[in-house]
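Asker: Pasting a structure below so you can have a look.
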DNA sequence: CGGTAAATTGTAACCGGTTTCACCATGCAA
DNA sequence: TTGCATGGTGAAACCGGTTACAATTTACCG
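Chains as they are written, first to last, in my numbering: chain V, 1 to 352; chain Y, 1 to 352.
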């Protein structure tokens, strides 16, 4: 049984135009070595037959897939979607298709890292918010595929990442400048299995927090440090612990807006006024942050996606097999972060 | 100049196993017609060479792309992302890759609709929150590609959509049952150019609103109807108009949570207590809704994506060229909607 | 106008799988 | 033992493009 409609091929065009397939192919690919009459005949035939070259066949013969992969915890981290948006805006103007691979667990991450990284699957990969370990990085390099990390770093791979230490520093300094002296820090669990997923942003933000404190000559009080899963509800519990302790903080810097919302919940539970009794700073500047008036750190997530995409396209133009044998610089870059002051921060009230 | 690493092909495997490529291919595809010894030799060779068949070549010879497309206004409508999540969860367990095409304008929509709908590009398409017109629908059918609409409908195409009329009805009836008599309705601009993008959910929700009113014997007051762009800020203005009118509503049903947040802003501006002075119902149950305690309609967005994906996979198994000539039923289905009562609705205060 | 270089064009061999069809080796009945 | 059905196997033809290489034409020179 034959297919009802056989799609028109380059040979049909060649026949109609009275030339060889090679000539048609040359016209299709903008090759200059085709003279007027032949070129016109081919163009007319293409138009007549409404011919469009078969992508799959092109891919096979060119040995390229014209496909790029984005691997990310898209739904586990709201920020991934914003970054994806940046990727998409760049790739949609290129010849590449964007295939998304969502990672929810370490198993899926590892599966994608090993299954996808074959030149016959994709031409390049953007990894978002997932930190590859050394074994992964080596596998990436062996595959010969261009890989760009976004919101993650590895010494041997190009990346785009926000300067998390700076973000942590800016948030903390803001609170210090307002007059706060006891500033708590709430972050994701630093050693949880899930922290393998996710970049080491937490650690860097913590580093920024510490630097700001030490610059101001403030002590680092372990009693003001809490870690817990990326969840509003659990952050609420942590905040409650902090706020009901003997010597509570007057400000809390949360490592994400999600955490920060939990902190605000806790403050409401305890009838604390924000920012009078408690100042709160979040991180990410997700959409809700503006609505609830949360002071936070903006990382221009979309921009990071865009830059990552641009970096990858750059790598695609300059293939790995550099004739000199000198490997190209990984070329990491960082995206600026800015403090967005809204209504949840203010000077601490003087206590009795 | 030759490529540094030629990937291993099926012929390498055949040579090592001492069989023909046909036999290797049969083993790869689980064909039963290969006897013990040959089969084992092939399996050993595959393992030894760490062979993985080239996807592109398979695609070409099978005439399938193993790729599905999702076309949606991903970033213009937050709900698309939730639905995408549903799609992804289904497709990730299938043999298909998911390529995303983001639509921001009518031009990109039309471009994707015409460029993508070729059998050599994808094997199937899910269209999210974009209503195709008759010309599009016809083009879809001509392409022979399975297409499933999610959050959109067309008489000649299979679809998964929420019962928007029911949602509108439930929201309104809830308010009526609480004792409200003057219930306003705020929705997207019904005739704006952008309404071509987007499904006709607004109209159906309005229909549900009307039905609930008429069932309760309440009049439909045009003074209580407002339309404006999908924007919190503009909804705030519309709500202010309503609330400062001579005979203001005691409740407002907004067609999206975004609109509802604008309404809440307006209430705060006017020092109206919610729900004492004003009850508010939204629509969508986006993530923030829970945080701000908004009563709203939940449409299980993710589920609609999942069902759409399942529908598409079903269509892929039963090719279009049905031998009987009897075309398969479009098979639309609707997803249940539920009312989620939170803190923004209550009985109206008795007025002096 | 002959001769050579340069530009066009066509033939056929790729890319790496799948699959038809012919062939050969069995197994079983006559 | 022959005859035939059965089923495993391989050679080669696909799928629909690109491109190396050879053949042909054209351009330009003395």
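Idealized CB from N, CA, C, for every residue including glycine.
Taking Cβ-Cβ distances below 7 angstroms as the criterion, which residues of the region 286-310 of chain Y are in contact with chain V?
Answerer: Against chain V - using a Cβ distance shorter than 7 angstroms - the residues of the region 286-310 of chain Y are 288 and 291.
Asker: How long is the line joining the alpha carbons of residue 61(Y) and residue 84(Y), rounded to whole angstroms?
Answerer: Separation of residue 61(Y) and residue 84(Y) (C-alpha to C-alpha, rounded to the nearest whole angstrom) is 30 angstroms.
Asker: Hey, would you say residue 137(V) sits closer than 7 angstroms to residue 116(V), going by beta carbons?
Answerer: no
Asker: Might you give, ordered along the chain, the residues of its own chain that have their beta carbon closer than 6 angstroms to the beta carbon of residue 259(V), omitting 5 neighbours on each side?
Answerer: 186 and 235
Asker: Within 7 angstroms (strictly less), CB to CB, does residue 120(V) reach chain Y?
Answerer: yes
Asker: Over the uninterrupted alpha helix (DSSP H) stretch that includes residue 165(V), give me the two end residues.
Answerer: The continuous alpha helix (DSSP H) containing residue 165(V) extends over residues 164-178.
Asker: Which term fits residue 341(Y), buried or exposed, when burial requires 16 or more other beta carbons within 10 angstroms of its beta carbon?
Answerer: exposed
Asker: So residue 17(Y) and residue 57(Y) are in contact, right, with Cβ under 8 angstroms, and what is the actual spacing, rounded?
Answerer: 19 angstroms between Cβ atoms; not a contact.
Asker: Considering only C-alpha positions, which residue in the set 151(V), 109(V) and 265(V) is nearest to residue 79(V)?
Answerer: 151(V)
Asker: Is the region 159-173 of chain Y touching the region 197-214 of chain Y, taking contact as three or more C-beta pairs under 8 angstroms?
Answerer: yes
Asker: If you reduce the DSSP assignment to three classes, tell me which class residue 159(Y) lands in.
Answerer: The three-state reading of DSSP puts residue 159(Y) in strand, counting E and B together.
Asker: Going straight from the alpha carbon of residue 354(V) to that of residue 15(V), what length do you get?
Answerer: A question about residue 354(V) goes unanswered here, because the residues of chain V that appear run from 1 up to 352.
Asker: Between the region 90-112 of chain V and chain Y, which residues of the former have CB atoms less than 7 angstroms from a CB of the latter, in chain order?
Answerer: 92, 97, 98, 99, 100 and 102
Asker: Could you have a look at residue 68(Y) and say whether DSSP puts it in helix, strand or coil?
Answerer: Three-state result, residue 68(Y): strand.
Asker: Between residue 49(V) and the rest of its own chain, which residues show a CB-CB distance below 8 angstroms, the 5 nearest in sequence each way excluded?
Answerer: Here the set comprises 8, 12, 13 and 16.
Asker: For residue 240(Y), which residues in the same chain have their Cβ closer than 8 angstroms to its Cβ, ignoring the five residues on either side in sequence?
Answerer: Excluding residues up to 5 positions away in sequence, 266, 269 and 270 lie with their Cβ nearer than 8 angstroms to the Cβ of residue 240(Y) in the same chain.
Asker: Measure the C-alpha to C-alpha separation of residue 281(Y) and residue 230(V) and round it to an integer number of angstroms.
Answerer: 29 angstroms
Asker: Closer than 7 angstroms, Cβ to Cβ, to anything on chain V: give me those residues from the region 51-71 of chain Y, in chain order.
Answerer: 52, 54, 55, 56, 57, 59, 60 and 65
Asker: So residue 281(V) contacts chain Y; which residues on that side make the cut at Cβ distance below 8 angstroms?
Answerer: Ordered by position in chain Y, no residue passes the 8 angstroms Cβ test against residue 281(V), which lies about 18 angstroms from the chain.
Asker: Can you list, in chain order, the residues of its chain with a C-beta nearer than 6 angstroms to that of residue 343(Y)? Leave out the 5 residues immediately preceding and following it.
Answerer: 293
Asker: Going by alpha carbons, who is nearest to residue 273(V) out of 334(V), 297(V), 349(V) and 70(V)?
Answerer: 349(V)
Asker: For residue 215(V) versus residue 190(V), is the C-beta distance shorter than 7 angstroms?
Answerer: no
Asker: Count the other CB atoms within 10 Å of the CB of residue 40(V); is the residue buried (16 or more) or exposed (fewer)?
Answerer: Counting Cβ neighbours within 10 Å, residue 40(V) comes out exposed, since fewer than 16 surround it.
Asker: Give me the residue from 113(V), 81(V), 130(V) and 69(V) with the minimum Cα distance to residue 100(V).
Answerer: 69(V)
Asker: Taking 7 angstroms as the limit between beta carbons, can you name the residues of its chain near residue 200(V), skipping five residues before and five after?
Answerer: Residues 131 of the same chain have their beta carbon placed closer than 7 angstroms to that of residue 200(V), with the five preceding and five following residues left out of the count.
Asker: How about residue 85(V): is its C-beta nearer than 7 angstroms to some C-beta of chain Y?
Answerer: yes
Asker: Express the C-alpha separation of residue 129(Y) and residue 335(Y) in angstroms, rounding to a whole number.
Answerer: For residue 335(Y) and residue 129(Y), the distance between alpha carbons rounds to 14 angstroms.
Asker: Does any residue of chain Y have a CB that is nearer than 7 angstroms to the CB of residue 320(V)?
Answerer: With a pLDDT of only 48 at residue 320(V), under the threshold of 50, the placement of this residue in the model should not be trusted; the figure read from the coordinates follows. Chain Y contact via Cβ: absent.
Asker: Indicate whether residue 122(V) and residue 65(V) have their beta-carbon atoms separated by less than 7 angstroms.
Answerer: Their beta carbons are under 7 angstroms apart, which means residue 122(V) touches residue 65(V) by this criterion.
Asker: Where does residue 196(Y) sit, in a helix, a strand or coil, going by DSSP?
Answerer: Interpretation of residue 196(Y) is limited by its pLDDT of 47, a score under 50 that renders its predicted location unreliable; no figure is taken from the coordinates.
Asker: Which bits of chain Y does residue 81(V) rub up against, with CB to CB less than 7 angstroms?
Answerer: 81
Asker: Hey, residue 82(V) and residue 302(V): beta-carbon distance below 7 angstroms or not?
Answerer: yes
Asker: Whose C-alpha, out of 221(Y), 237(Y) and 253(Y), is nearest the C-alpha of residue 247(Y)?
Answerer: 221(Y)
Asker: Going by beta-carbon coordinates alone, are residue 188(Y) and residue 202(Y) separated by less than 7 angstroms?
Answerer: yes
Asker: For residue 7(Y), which residues in chain V fall below 9 angstroms Cβ to Cβ?
Answerer: 118, 119 and 120
Asker: What residue ranges within the region 19-103 of chain Y form continuous alpha helix (DSSP H) runs of no fewer than 4 residues, ordered along the chain?
Answerer: 21-28, 36-49, 55-62 and 78-91
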